[in-house]
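Written below as structure tokens is the structure these notes are about.
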Amino acid sequence: MTRINRIAAMVSLATLFPLASHAAESKGTVEVVHYWTSGGEAKSVDVLKKIIEKDGFTWQDSAVAGGGGSAAMTVLKTRAVSGNPPSAAQIKAPDIQEWGKLDLLTSIDGVAKANNWDSLLPKAVADIMKYEGHYVAVPVNIHRINWLWLNPSVLQEAGVTQAPATLEELYAAGDKLKAAGFIAIAHGGQAWQDTTIFENLVLSIMGVQGFRKAFIDVDEATLEGPQMADVFIALRKLQSYLDPDGNGQDWNLETAKVINGKAGMQIMGDWAKSEWTAAGKQADVDYQCVPFPGSQGVYSYTIDSLAMFKLATKKDNPGNIAARDALAMVALEPEFQYVFNQNKGSIPVIKGLDMTRFDSCAQASAKDFASAENTDSLAPSMAFNMSTSQAVQGAVFDVVTHFMNDKQADPAKAGKRMLAAIRAAQ
Ligand code: BGC
Numbered sequence: 048m049t050r051i052n053r054i055a056a057m058v059s060l061a062t063l064f065p066l067a068s069h070a071a072e073s074k075g076t077v078e079v080v081h082y083w084t085s086g087g088e089a090k091s092v093d094v095l096k097k098i099i100e101k102d103g104f105t106w107q108d109s110a111v112a113g114g115g116g117s118a119a120m121t122v123l124k125t126r127a128v129s130g131n132p133p134s135a136a137q138i139k140a141p142d143i144q145e146w147g148k149l150d151l152l153t154s155i156d157g158v159a160k161a162n163n164w165d166s167l168l169p170k171a172v173a174d175i176m177k178y179e180g181h182y183v184a185v186p187v188n189i190h191r192i193n194w195l196w197l198n199p200s201v202l203q204e205a206g207v208t209q210a211p212a213t214l215e216e217l218y219a220a221g222d223k224l225k226a227a228g229f230i231a232i233a234h235g236g237q238a239w240q241d242t243t244i245f246e247n248l249v250l251s252i253m254g255v256q257g258f259r260k261a262f263i264d265v266d267e268a269t270l271e272g273p274q275m276a277d278v279f280i281a282l283r284k285l286q287s288y289l290d291p292d293g294n295g296q297d298w299n300l301e302t303a304k305v306i307n308g309k310a311g312m313q314i315m316g317d318w319a320k321s322e323w324t325a326a327g328k329q330a331d332v333d334y335q336c337v338p339f340p341g342s343q344g345v346y347s348y349t350i351d352s353l354a355m356f357k358l359a360t361k362k363d364n365p366g367n368i369a370a371r372d373a374l375a376m377v378a379l380e381p382e383f384q385y386v387f388n389q390n391k392g393s394i395p396v397i398k399g400l401d402m403t404r405f406d407s408c409a410q411a412s413a414k415d416f417a418s419a420e421n422t423d424s425l426a427p428s429m430a431f432n433m434s435t436s437q438a439v440q441g442a443v444f445d446v447v448t449h450f451m452n453d454k455q456a457d458p459a460k461a462g463k464r465m466l467a468a469i470r471a472a473q
């Protein structure tokens with residue numbers, strides 16, 4: 048074949064198979080480090096992946112298992128230090144600032160301006176997505192932490208006639224569940240899950256003001272005071288209701304125990320609902336959600352966000368930048384917000400969406416968020432890295448876990464220990 052004929056043959060092949068060659072060709076790749084790996088979480092993140100792929104980009108999934116995200120953050124640090132960051136990573140607000148200071152994040156102001164993020168997002172949320180005034184992260188949801196999840200048929204079988212609204216009622220329900228042979232509270236003994244219970248007790252016993260003094264102001268008198276001792280006394284008491292086989296157990300496996308009727312209750316953020324949803328269960332029919340006893344009126348929350356990284360030189364090309372921008376844009380589009388949050392158990396982070404498209408737990412969550420906002424009762428979660436850096440959060444984890452493992456530990460001294468640990472981590 049002459050050279051001319053060879054070129055003609057190549058051209059005609061290309062025109063014969065334009066779709067095939069086009070489909071194989073990605074417009075660019077976006078690599079996302081996240082820790083959404085339970086059944087319900089994976090289903091939720093899949094929504095994002097599908098939209099990105101439909102737009103012609105490649106989604107490179109870098110999921111790191113481990114509830115609460117400590118393992119993912121370790122991977123992220125190692126990758127960033129070795130000059131190989133992903134395009135985006137699931138990071139919580141105070142840490143966005145830390146990554147920003149290291150000059151590792153990139154501005155997505157262009158996407159934010161074009162899509163009006165300043166008016167789409169509550170100002171408080173927009174502010175924490177920015178580093179030095181520039182958007183460097185996109186939020187995807189609002190998760191409430193202070194929830195108690197109930198299996199009503201298990202409760203009924205154990206003779207618990209109404210959802211516990213106070214700590215005393217919670218203990219009473221726990222006694223009945225145990226006496227009837229159920230696990231009272233499904234719980235995995237991992238530091239972050241232990242600290243979820245601890246944080247809820249702080250809200251219940253010390254209220255939102257006490258919580259803020261302890262974990263935002265790091266006020267010595269509050270951390271060492273008698274109410275904090277009461278929190279640890281309550282933690283010891285609650286411990287007797289936790290799953291005896293829960294040591295080291297993942298949160299979703301514990302949720303499964305409530306779903307399967309082995310356990311009556313679980314204290315967990317509303318990503319627990321993603322497991323109920325994935326199992327085809329319905330709010331108010333198969334399960335109930337109530338605020339953690341004694342913390343009614345307070346709304347503790349965490350916001351998942353995807354921070355955008357400067358790409359390593361070999362990946363820094365227009366296609367990959369476009370893919371990263373597409374991710375940022377899609378994350379705040381209404382259709383994504385509806386489907387993602389319906390699956391994830393959280394509520395949308397953008398204003399003005401139709402909450403009748405959500406179940407009763409999400410509707411209650413949105414209503415409680417709004418009223419807590421009006422009564423100044425919002426509590427950015429310490430256990431989920433909204434009020435503290437990861438270092439401070441880790442210090443609290445250590446103290447709580449140590450207390451739970453050492454049955455002889457004195458509740459009156461635990462607050463002092465916590466203060467010292469926080470100071471050392473700051
Ligand atoms: C995140 C949730 C996640 C949960 C369990 C929290 O820190 O905000 O999105 O589902 O951890 O891993």
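In terms of this note's numbering, the sequence shown opens at residue 48 and continues consecutively.
The beta carbon of each residue, even a glycine, is placed where N, CA and C say it ideally should be.
A quick note: this is a predicted structure, and the numbers were derived from the prediction, not measured.
Residue i (DSSP reduced to helix, strand or coil)
i: Thr435; result: coil
i: Trp547; result: No answer is possible for residue 547: the residues shown for the chain start at 48 and end at 473.
i: Met312; result: strand
i: Glu177; result: For the sequence presented, residue 177 should be read as Lys rather than Glu. Lys177: strand per DSSP, three-state reduction.
i: Gln286; result: helix
i: Leu60; result: Any reading at Leu60 must be qualified, since the residue scores a pLDDT of 42, below 50, and its modelled position is unreliable; the value itself is stated next. Looking at Leu60 - three-state DSSP - the assignment turns out to be helix.
i: His190; result: strand
i: Gln335; result: strand
i: Ile394; result: strand
i: Ala249; result: Correcting the residue identity first, residue 249 is Val in this sequence and not Ala. Residue state, collapsed to three classes: helix.
i: Met429; result: coil
i: Ile138; result: strand
i: Thr208; result: coil
i: Asp351; result: coil
i: Asp266; result: coil
i: Glu380; result: coil
i: His449; result: helix
i: Tyr218; result: helix
i: Ser109; result: strand
i: Ile99; result: helix
i: Thr49; result: Confidence in Thr49 is poor, its pLDDT being 40 and thus under 50, which makes the residue's placement unreliable; the coordinate value appears in the next sentence. In this structure, Thr49 counts as coil in the three-state DSSP scheme.
i: Ala184; result: strand
i: Asn421; result: helix
For residue j and residue i, the rounded distance between their alpha carbons
i: Ser109; j: Ser129; result: 16 Å
i: Asp401; j: Gln329; result: 19 Å
i: Gly157; j: Ala369; result: 11 Å
i: Lys454; j: Ala226; result: 23 Å
i: Gly341; j: Trp239; result: 21 Å
i: Ser134; j: Met176; result: 16 Å
i: Ala161; j: Leu374; result: 14 Å
i: Thr403; j: Ser85; result: 26 Å
i: Gln384; j: Pro365; result: 27 Å
i: Ile192; j: Asp351; result: 13 Å
i: Ala417; j: Pro169; result: 11 Å
i: Val79; j: Ala205; result: 45 Å
i: Ala413; j: Ala419; result: 10 Å
i: Ala61; j: Gln437; result: Reliability fails at Ala61, whose pLDDT of 39 lies under 50, so the model's placement of it is uncertain and no value is given.
i: Phe210; j: Met275; result: Residue identity check: residue 210 is Ala in the sequence provided, not Phe. Answer to the nearest angstrom: the Cα atoms are 26 Å apart.
i: Lys223; j: Gln286; result: 15 Å
With 16 other Cβ atoms within 10 Å as the buried cut-off, status of residue i
i: Asp241; result: buried
i: Ala471; result: exposed
i: His69; result: Residue placement at His69 is flagged as unreliable, the pLDDT there being 48, under the threshold of 50; the coordinate-derived value follows with that caveat. Per the 10 Å Cβ criterion, exposed.
i: Ser347; result: buried
i: Asp331; result: exposed
i: Thr208; result: exposed
Sufficient close CB pairs (3 or more, under 8 Å) joining the segment 146-159 to the segment 337-357: With the cut-off at 8 Å, the segment 146-159 and the segment 337-357 touch.
Segment contact flag, the segment 210-230 with the segment 283-302, C-beta cutoff 8 Å, min 3 pairs: Touching, per the Cβ criterion.
Three or more C-beta pairs below 8 Å linking the segment 382-393 and the segment 316-330: Because the criterion of three Cβ pairs below 8 Å is met, the segment 382-393 and the segment 316-330 touch.
At least 3 beta-carbon pairs within less than 8 Å: the segment 452-466 vs the segment 266-286: Counting Cβ pairs under 8 Å, three or more are found: they touch.
Touching by the beta-carbon criterion (3+ pairs, under 8 Å), the segment 99-118 and the segment 411-424: Segments in contact, no.
The segment 305-315 in contact with the segment 195-212 per 3-pair CB rule at 8 Å: Segments in contact, yes.
Touching by the beta-carbon criterion (3+ pairs, under 8 Å), the segment 173-188 and the segment 361-380: Using a C-beta cut-off of 8 Å, the segment 173-188 makes contact with the segment 361-380, since at least three inter-stretch Cβ pairs fall below that distance.
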